[in-house]
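Okay, so here's the structure we're looking at.
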Amino acid sequence: MEKVSVKVCLGTTCFVMGSANLQELIEIVPAKYGDKVEVSGVPCLGLCSVDWEFSKAPYVKVDNEIIKEASVEKVLAAIDAKLAK
């Protein structure tokens with residue numbers, strides 16, 4: 225089974241809209257999932273230029289699934305769903 229990839233957007237809009245709070249995933253995910261999931265922060269996912277609604281930030285990408293208005297709970301639920309397949 226391939227690792228689940230989690231990319232947290234740290235671009236200005238996402239950071240201001242709450243992605244700074246998502247950095248705790250870097251500690252939570254390894255403790256909960258071990259080496260099944262890889263979390264990284266990325267400079268920008270470029271989603272604001274596609275979906276120009278600031279109210280949808282912050283964005284997180286779990287494999288190919290885009291999570292809008294991401295929270296730790298939403299991201300963990302998406303990871304759980306991926307691992308359940």
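Residue numbering for the sequence shown is 225 to 309, as defined by the numbering used here. The C-beta atom is built at its ideal place from N, Cα and C for all residues, glycine as well.
- Beta-bridge annotation (DSSP): S229 is paired with E262.
- DSSP, read as helix, strand or coil, puts E293 in coil.
- Ranked by how close their Cα comes to the Cα of K227, the residues K285, V266, D259 have D259 in first place.
- Around the beta carbon of G235, a 10 Å sphere encloses 16 or more other beta carbons of the protein chains shown; the residue is thus reported as buried.
- Put simply, the backbone Cα of T237 is about 14 angstroms away from that of L246.
- Bounds of the alpha helix (DSSP H) holding K256 are 249-257.
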